[in-house]
Amino acid sequence: MISCRAHRRSMKTDAKCEICGKPATRFLFAAFVCDDESCIEKARMERGGPGGHKKRDLSELLGDG
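Residue 26 in our numbering sits at position 26 of the sequence shown, and the numbers go up by one each step.
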């Protein structure tokens with residue numbers, strides 16, 4: 001597993017927050033985001049919340065979505 005410190009060193013230095021456009025400091029929920037909690041929460045909700053990508057796969061498999 002990659003530590004947070006190693007991950008930050010390898011992140012693109014020119015990445016922008018996909019929510020607000022500030023410099024990104026993290027890659028969470030399949031999005032580059034800054035440290036702003038509202039941006040992190042929005043990225044989480046756009047992804048579908050906790051386990052959202054798996055919920056989406058299951059609903060498509062079952063024909064619910």
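Note that the Cβ used here is the ideal one computed from N, Cα and C, for glycine as well.
Remember, it's a predicted structure, so these values are computed and weren't measured experimentally.
Three-way DSSP call (helix, strand, coil) for residue i in this model
i     : result
Lys22 : coil
Ala31 : strand
Ile2  : Caution is warranted here: a pLDDT of 46 is assigned to Ile2, below 50, making its placement in the model unreliable, and the coordinate value is therefore given only provisionally. Coil, per DSSP.
Unbroken alpha helix (DSSP H) run spanning residue i, endpoints
i     : result
Ala15 : From DSSP, Ala15 is part of no alpha helix (DSSP H); its letter is neither H nor E.
Best match in the options for proximity to residue i [C-alpha to C-alpha]
i     : options                : result
Thr13 : Cys20, Cys34 and Phe29 : Cys34
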